[in-house]
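Q: The structure's right below; bear with me while I get my questions together.
Numbering (this note's numbering), first residue to last: 24 to 104.
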């Protein structure tokens, strides 16, 4: 599969954000998700495949992060008891 210019640009932009965050000594779940989305788009995979289980749990439980299961993959579900 050949990556499109838009896909490569998304990967570059995400990588720049991560490098900038590293310089500032911080990385947010949003930055990790954006990088995972860009890489997943280039490889025809799901965002969730590039995040840890801990990341996915955090996104599902704590963060109001835009998440499209069709392109990002499924998030864990938690039964409330």
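Cβ coordinates follow ideal geometry from the N, Cα and C atoms, glycine included.
With the cut-off set at 8 Å, would you say residue 73 and residue 63 are in Cβ contact?
A: Here residue 73 refers to the residue found at position 50 of the chain shown. Here residue 63 refers to the residue found at position 40 of the chain shown. Their beta carbons are under 8 Å apart, which means residue 73 touches residue 63 by this criterion.
Q: Once DSSP output is grouped into helix, strand and coil, what is the label at residue 7?
A: Lying outside 24 to 104, the shown extent of the chain, residue 7 is not represented and no answer is given.
Q: Leaving out five residues on either side along the sequence, give the residues of the same chain with a beta carbon under 8 Å from the beta carbon of residue 31.
A: Along the chain shown, read from residue 1 onward, the residue named residue 31 stands at position 8. Correct list, in chain order: 65.
Q: Can you give me the start and stop residues for the alpha helix (DSSP H) that residue 89 sits inside?
A: Position 66 of the chain shown, counted from the start, is the residue given in the question as residue 89. Here residue 89 belongs to no alpha helix (DSSP H), and DSSP marks it neither H nor E.
Q: Taking 8 Å as the threshold (C-beta atoms), are residue 95 and residue 69 in contact?
A: On the chain shown, residue 69 is found 46 positions in, with the first residue counted as 1. On the chain shown, residue 95 is found 72 positions in, with the first residue counted as 1. Result yes, Cβ atoms of residue 69 and residue 95 sit closer than 8 Å.
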